[in-house]
Amino acid sequence: MQTFEYSIISKFFYRYINIIITIFLLLFTIVSLYVSFQKWYFIFLVIFNLVVIVLLNRSYFYSYKTLPFKITSDEEKIICSKFFMSKKEVVIFYKDINSISGGIFSGMPMRAVYLTDSKGNLISFYSHVGKFNELLKTILRNVTDEVYNLQLEKLKKISSLN
């Protein structure tokens, strides 16, 4: 059984950085709102900041639900735990995985890799998780042949584009 966890810096980044950015954006929005009473065109900056805050927090709330900070795998299943502010534990059996997307499978290696199983469970993990290549190798080695072949086709398409 192998355990994969994020480093302390990565955990901090994925858990709390949006709070810090949101606070700075809110302060900037308040200042822009104050200035907009004197120069009306600063209202566009206020609107822009609010849109950025909403989009940023929406993506982080989505990742809070799907990003486990501890992944344990064996030859049969993946156990995901330590979600942000949650004690839930998600168990995904390799035979139930019906979709692997994102990350290197979409040609964008810095984005999250998403695993979906037939029960509707969705988890994500980034390349910053410890021993990322080993985790991907374990997943691809144990999924069904259909899913494995689909991922190979995706990777071939991506490599032919480069």
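The opening residue of the sequence shown carries number -5 in our numbering; numbering runs sequentially from there.
Built from N, CA and C at the ideal position, the CB exists for glycine as well.
For residue i, is the classification buried or exposed, using 16 other Cβ atoms within 10 angstroms of its Cβ as the cut-off for buried?
i: TYR0; result: buried
i: ASP139; result: exposed
i: TYR88; result: buried
i: ASN12; result: buried
i: LEU130; result: buried
i: PHE6; result: exposed
i: VAL137; result: buried
If you draw a straight line from the C-alpha of residue i to the C-alpha of residue j, how long is it?
i: GLU128; j: PHE(-2); result: 9 Å
i: ASP68; j: LEU61; result: 19 Å
i: LYS151; j: ILE73; result: 31 Å
i: ALA106; j: GLN32; result: 43 Å
i: SER154; j: ARG52; result: 34 Å
i: GLN(-4); j: ILE17; result: 38 Å
i: LEU49; j: PHE55; result: 10 Å
i: ILE47; j: TYR8; result: 16 Å
i: ILE3; j: TYR142; result: 32 Å
i: LYS71; j: TYR120; result: 19 Å
i: ILE24; j: LEU146; result: 50 Å
i: SER93; j: VAL45; result: 31 Å
i: LEU19; j: PHE126; result: 33 Å
i: ASP90; j: LYS148; result: 20 Å
Excluding sequence positions up to five away, which residues of its chain have a Cβ less than 6 Å from the Cβ of residue i?
i: TYR108; result: SER95, GLY96 and SER118
i: THR132; result: SER67
i: LEU116; result: THR60 and THR110
I'd like the list of long-range same chain contacts for residue i, defined as Cβ closer than 7 Å, with 5 residues on each side in sequence excluded.
i: SER26; result: PHE36, LEU39, VAL40 and ASN43
i: SER75; result: PRO62, LYS64 and GLU83
What residues match up with residue i in a beta bridge as DSSP calls it?
i: GLN(-4); result: SER67
i: ILE117; result: LEU109
#### Entry: Minimum length 4: unbroken alpha helix (DSSP H) runs contained in the region 20 to 106
37 to 60
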